[in-house]
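Note sheet for the following structure.
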């Protein structure tokens, strides 16, 4: 799955370069179990030149397993609750993604229910 996710990241980077858009300073990536975040970390941490952006994981506070894992320095499981961010109700980070997240993220934040609702609403066309 991570390989499939890398393709859009590479394509997007190529499109940005084609229109002379500078590399971002900050990338916030939603985290559930971790494969999308792993693909983003892999993409930005394997860049051959230039300064890599800061990478921040964003997850609902009802399932903040990556944030808690980063704080403890090891994967942990957390109890999950309700959120509108349905695909992000994950109580444990992926064992495959964890080393990439641990070593590649600059920070992680957990957003509360109302904020995650606003993020979901703003993402709708």
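In my numbering, the protein residues as written are 56 to 180.
In this text, a Cβ means the ideal position worked out from N, Cα and C, and glycines have one as well.
Cα-Cα separation, residue i to residue j
{"i": "residue 99", "j": "residue 79", "result": "10 Å"}
{"i": "residue 181", "j": "residue 88", "result": "Not covered by the structure: residue 181. The range shown for the chain is 56 to 180."}
{"i": "residue 176", "j": "residue 128", "result": "Reliability fails at residue 176, whose pLDDT of 44 lies under 50, so the model's placement of it is uncertain and no value is given."}
{"i": "residue 133", "j": "residue 167", "result": "15 Å"}
{"i": "residue 182", "j": "residue 102", "result": "The displayed coordinates of the chain run from 56 to 180. Any statement about residue 182 would go beyond what the structure contains."}
{"i": "residue 115", "j": "residue 145", "result": "10 Å"}
{"i": "residue 154", "j": "residue 86", "result": "14 Å"}
{"i": "residue 97", "j": "residue 125", "result": "17 Å"}
8 Å Cβ cutoff met for residue i and residue j
{"i": "residue 135", "j": "residue 117", "result": "yes"}
{"i": "residue 81", "j": "residue 111", "result": "yes"}
{"i": "residue 131", "j": "residue 83", "result": "no"}
For residue i, the first and last residue of its enclosing alpha helix (DSSP H)
{"i": "residue 113", "result": "Note, residue 113: premise wrong, no alpha helix (DSSP H); beta strand (DSSP E) at 109 to 115."}
{"i": "residue 154", "result": "153 to 159"}
{"i": "residue 83", "result": "Unbroken run through residue 83 is the beta strand (DSSP E), 81 to 85; no alpha helix (DSSP H)."}
{"i": "residue 121", "result": "120 to 127"}
Proximity to residue i [Cα-Cα], best of the options
{"i": "residue 108", "options": "115, 95, 125, 114", "result": "95"}
{"i": "residue 161", "options": "105, 129, 115, 122", "result": "122"}
{"i": "residue 165", "options": "154, 119, 138", "result": "119"}
Three-state class that DSSP yields for residue i in the structure shown
{"i": "residue 148", "result": "coil"}
{"i": "residue 88", "result": "coil"}
{"i": "residue 131", "result": "coil"}
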